[in-house]
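Just so you know, the sequences run in chain order A and B. Residue numbering for the first sequence follows the numbering used here, beginning at 90 and increasing consecutively. Residue numbering for the second sequence follows the numbering used here, beginning at 7 and increasing consecutively.
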Amino acid sequence: MLSIKSDPRIYELYQRVLHHAKTFGRHFPEIRFFILDGLEFASLLEKNVYPASPLNIWEGKRMVNKKRRIETGAESSLYYEVVQTGNPAYAYLNKFNTPMTQASVMAHVVGHCEFSELNILKDSSRDRSEYVMFLVRKVDLSRNQMGEYHYLNYWNACESAVDLIAPNSQFNLERSLDTETLMSYKVEETSENKVKTTKSLMPFSSTLSFMITSKTKTDVFKEEVNKKRRQENLSRVGYTLKAPCQDVFNFLRNYAPTSKGEKAIMDYLYTTHYPQDFVLRTQIMNEGWAMYWEKKIMLELFKEKSVKGIIEYAKIFSGVCYPRPYFYRNPYHLGYNLWNHIEQLYKDGKVTLEYQEEKDIEKKEYWKKETGINPIKAMEHLIETITDYEFLRRFLSHDLIHELHLNRIDKRYAEYLRIPEKNIVDADKNWVWLDPVLVKTDMLNFFTHFGRPRIFVIDTNFMDGGLLLYHRDDNRELRKDWIKPTLQNINIIWKNSVHIISKGMLYSFSGGKYSETNIRPVSFEEITERMQKNQKPFRVE
Amino acid sequence: MTEDKINSNESEGAFNEFIQDTIEDLLNDIINRGGLDRFGDKGTDIIIEMDDIVPPTFIYDDGSGFGPGRGKKPGREGEKIRFNLPFKSFMELLAEKLNLPNLTKEGKGKIKQISYTFKTFGPTGVILDKKRTFKRALKTSVWTGLYNPDAAKYTVLIRRRDKRFKLPKREEKPKYHAVVFYMGDISYSTFGERLELEKRIVNFIHHWIDFNYGPENVEHRFFVHDVEAYEVNPEDFYNINNAGGTIAASVFDLINKIAFNEYVVPATNFYAFYFGDGELFGNDAQDILKIIDTGLRPICNRIGVVEVKPSTESHLKRALNDRFYNDSIIRVCDIQNRDQTVNVIKTLFGESNAEHKK
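Here it is in structure tokens:
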């Protein structure tokens, strides 16, 4: 691993890239570039883009395999860019790239770093890499305390729950849990707000409000009982679940009984994995933004002759932005073209109420009105306010789907997939075009589940201290023979019985025994409602 | 200044150790499902390819090629992992796990392998040990004052009594020689799964006997038969096919003759393995029985008859089981699928035939 300063040519390019980025008005944190060789790159990727990681067999396995694949030519060791965003950001360049590629990578990284700073999910954090390095050290110390066997066993158990990280879900830990500190904070906040609202917004009339919102005696009694129950629960375990919690790993990290060493492992795994949720939710916008600025900066570099090889760059760029069918999700292609489309919309003044309300189709087609809105500022505002779901819902029109070939698939592949005729809107001898309406719906649906089962914690005192998980039904079944080992691993973390409800079955791992019980199917809505009423979400009849 | 390197050496080491630790648990799987047909060269590391191991998670049952769960490390059939294991360690592990005894060599290896070592030294001989001679000469020269750097004297005189010669010492080690006969029936359809099963067993036998005797001391010979028997190259053993009649006794007769005519019988360890589908006609089984009883059994350490995916119970198997029930030399078994590989190996090379029978 070499500092970028070790190569004067690359360092000069780095300075030019930063200069142009600043000239374009980009705001990004300090970016520290390093140069790596092929194997270092491979290793860095296996460490979730941090330069160090605690010992674990899974990383070892992947690296052993990767090395063999690189040796046998089954995999290339050429990776173009890897960046760990944050403040400062750490980006890595491949030693074997040409100066032109290095420059394009640096320009691309600038886009990512800015996006990380601006986005609504607040991805960027101060000293993230440094904090991870601290956690690595902590885990290494814990390994000595825990002993090799227990350490590896616990790590393996945690790996089973790593997919259950959802910090940006609407059912994340913050929204699903009441804790002692959170409760007291909320009470204070509410009372303050109440005073403010009553004073400024409406005249106060206690008689009137009492008459409108009068409660029966039973309601008051029930409310008191619920309050008491919640308080009891809080004082016993320090938290109470008020809604299903999808951020299962984070819940376990905070509330499973752990030793210091175990907690360090969970902290490390959570910290290194939670940004993946951000990536999933913003990948199209993020990669598109990076490509957009990469191209702008690169054109400046070619103009001033800092780098050569514009044709080579054009080849690489078109390769990266090659249109692929929507289900292959090429975020570079879609994101880049969407940002360009949006820029044009703002330039033409089409993102206005006036344009939306215009009835004349011909007028709309040739619409061009100066609005005084700076398109770039408007695009930045979009990053600050929305994620991929809204980005696609709002700007990916059916015409654009067709134009960008998102609905175009190989004819033979379409036959293989047995796509019904009614879903095909156009065809030639090589390709078929699917109905853009269906394509858009499918693309948006992806953001509800991200292709993964949705698992929630719904009870932490099920059958005397057991953890009850719930698989939200989306007409797909869980792989049955994986349920037992997964429950077994979560049992190692929770240190008590673990259960999961999925499609009318209750799977349990308790006291070293695994069991499956038929139950009456219960919907997610029922569960949520019961939890809101402070009732048991599920009882075995 | 040393350059900082990003690497995963520690984790790779931990993975390799994990494989070493769990290899015993995985051994049955490696033998039954692993790529045993891709053994490395004789004595080198073997590359084991097996189902990937991944941490179990809640995933969809969408037929994406994920394999069954195995405790904390379910496998994934879609992907494979490969790792190296020293040939010797693998075989030792295998012997221990499957409880395979070392192959009998006593009484059969009469030839001695003679070698010479030069560990002793004397004042007379042919090969001069220059280093020792010079050391002695230097000591004497220092003692006599011929070599004294303080007085600028640098003479080292080598006298006859300072000379030391290397003396050869004769070492005798028993030299074992083994010959393995593989016999195959080319009249049955050896392709697809049958061929694969046969290859797996032949490969295992090949390496197991190499491991026991040392690869340089083992001769592997391949024979096929339809109505006649003839010797073939190892590659042709799997490739020749001929639809037609079959007389298996011809191949037993051929190797019997070869054993007596080409080898010093008391000094050679013979092994013979027959592979077929068990479909024999007429008196074939009886003829084989006679050849084995009178010719091969007294000279062979082990005779194995493996029926690969037989359709019905064969005459040969029944006749051999009746005549040689629980025999220490004759082993008879059949294999229907890969999962039975371990059982076949146990039957062929295990302590007792009876314990592996159902």
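Heads up, the beta-carbon is just placed ideally off N, CA and C, and yes, glycines get one too. For clarity, every value in this text was computed on a predicted model and none was experimentally measured.
Query raised in the report: If you follow the alpha helix (DSSP H) that CYS306 (chain B) is part of, which residue opens it and which one closes it?
Result: Looking at the DSSP string, CYS306 (chain B) is not in any alpha helix (DSSP H); the run it does join, the beta strand (DSSP E), is 306 to 314.
Requested in this report: Compare the C-beta of THR28 (chain B) with all C-beta atoms of chain A and state if any pair is closer than 7 Å.
Outcome: no
Report task. Determine contact between the region 248 to 265 of chain B and the region 228 to 238 of chain B, defined as no fewer than three beta-carbon pairs at a distance below 8 Å. Result -> yes
Report task. Look at TYR357 (chain A) and VAL153 (chain A) and say whether their C-beta atoms are less than 7 Å apart. Result -> no
Requested in this report: Provide the residue span of the alpha helix (DSSP H) that contains VAL526 (chain A), from first to last.
Outcome: 525 to 538
Query - TRP382 (chain A) burial status per 10 Å Cβ neighbour count (16 or more: buried) - result: buried
Query raised in the report: Which class does ARG543 (chain A) belong to by DSSP, given the choice of helix, strand or coil?
Result: strand
Requested in this report: Output the distance between the C-alpha atoms of LYS625 (chain A) and ILE616 (chain A), rounded to the nearest integer angstrom.
Outcome: 9 Å
**Report entry** Closest by C-alpha distance to LEU173 (chain B), when choosing among B:PHE124, B:ILE246, B:PRO62 and B:GLU199
**Finding:** B:PHE124
Query raised in the report: Can you list the residues of chain A that ARG380 (chain B) reaches, using a CB-CB cut of under 8 Å?
Result: Given that chain B is displayed from residue 7 to residue 364, the structure contains no residue 380 (chain B) and the question cannot be resolved.
Query raised in the report: Using a C-beta cutoff of 7 Å, does GLY81 (chain B) count as contacting chain A?
Result: Note that GLY81 (chain B) scores a pLDDT of 37, beneath 50, so its modelled location is shaky; the value from the coordinates is reported in the next line. It does not: the Cβ of GLY81 (chain B) has no partner Cβ on chain A nearer than 7 Å.
Report task. Please classify SER95 (chain A): is it buried, with 16 or more other beta-carbons within 10 angstroms of its beta-carbon, or exposed? Result -> exposed
Report task. For the region 560 to 574 of chain A and the region 395 to 405 of chain A, state whether three or more C-beta atom pairs, one from each stretch, are separated by less than 8 Å. Result -> no
Query - Interface residues of the region 348 to 377 of chain A facing chain B [CB-CB below 9 Å] - result: none
Query raised in the report: Is there a Cβ from chain A that is less than 7 Å from the Cβ of ASP67 (chain B)?
Result: yes
**Report entry** For PHE416 (chain A), three-class secondary structure by DSSP
**Finding:** helix
Report task. Below 7 Å CB to CB, which residues in the same chain sit around LEU434 (chain A) once its five sequence neighbours on both sides are set aside? Result -> VAL440
Query raised in the report: Which term fits GLU459 (chain A), buried or exposed, when burial requires 16 or more other beta carbons within 10 angstroms of its beta carbon?
Result: exposed
Query raised in the report: By the criterion of Cβ-Cβ separation under 8 Å, what are the contact partners of ASP548 (chain A) in chain B?
Result: What ASP548 (chain A) touches in chain B: nothing, since even the nearest Cβ is about 17 Å away.
Query raised in the report: Rounded C-beta distance between ILE547 (chain A) and PRO256 (chain A)? I'm assuming under 8 Å.
Result: Contact doesn't hold; Cβ gap of about 19 Å is too wide.
Report task. Determine the closest residue to ILE159 (chain A) out of A:GLY175, A:ALA141, A:GLU129 and A:ASN176, with distance taken between C-alpha atoms. Result -> A:GLU129
Query raised in the report: Of all Cβ atoms in chain B, is any one closer than 7 Å to the Cβ of PRO574 (chain A)?
Result: yes
Query raised in the report: What does a CB cutoff of less than 6 Å around HIS253 (chain A) pick up in its chain, not counting 5 residues either side in sequence?
Result: Rather than His, the amino acid found at residue 253 (chain A) in this sequence is Leu. VAL337, PHE338 and ILE544.
Query raised in the report: Shorter than 7 Å from the beta carbon of ASP10 (chain B) to some beta carbon of chain A?
Result: yes
Requested in this report: Pull up the DSSP beta-bridge partners for GLU237 (chain B), would you.
Outcome: B:PHE229
Query raised in the report: Out of curiosity, what's the CA-to-CA distance linking LEU106 (chain B) and SER132 (chain A)?
Result: 41 Å
Query raised in the report: Would DSSP call GLU278 (chain A) helix, strand or coil?
Result: Here GLU278 (chain A) scores only 46 on pLDDT, less than 50, and its place in the model should not be relied on; the value that follows carries that caveat. The answer is helix: DSSP assigns GLU278 (chain A) an H, G or I state.
Query raised in the report: In the structure shown, what three-state DSSP assignment does TRP33 (chain A) receive?
Result: Only positions 90 to 630 of chain A appear in the structure, and residue 33 (chain A) is not among them; the question remains open.
**Report entry** Endpoints, alpha helix (DSSP H) assigned at SER218 (chain A)
**Finding:** 217 to 235
Requested in this report: Identify whether MET468 (chain A) lies in helix, strand or coil by the three-state DSSP scheme.
Outcome: helix
Query raised in the report: Based on Cα-Cα distance, which residue from A:GLU203, A:PHE627, A:PRO118 and A:TRP244 lies nearest to ILE608 (chain A)?
Result: A:PHE627
Report task. Closer than 8 Å by beta-carbon distance: list the chain B residues that pair up with ASN145 (chain A), in chain order. Result -> SER17 and ALA20
Report task. Would you verify that the beta carbon of MET594 (chain A) is, or is not, closer than 7 Å to some beta carbon of chain B? Result -> no
Report task. Identify which residue in B:PHE89, B:LEU302, B:LEU326 and B:GLY301 has its Cα closest to the Cα of GLN292 (chain B). Result -> B:LEU326
Requested in this report: Express the C-alpha separation of SER193 (chain A) and LYS67 (chain A) in angstroms, rounding to a whole number.
Outcome: Beyond the ends of chain A as shown, which are 90 and 630, falls residue 67 (chain A); an answer cannot be given.
**Report entry** Cα-Cα separation, TYR182 (chain B) to PRO240 (chain B)
**Finding:** 23 Å
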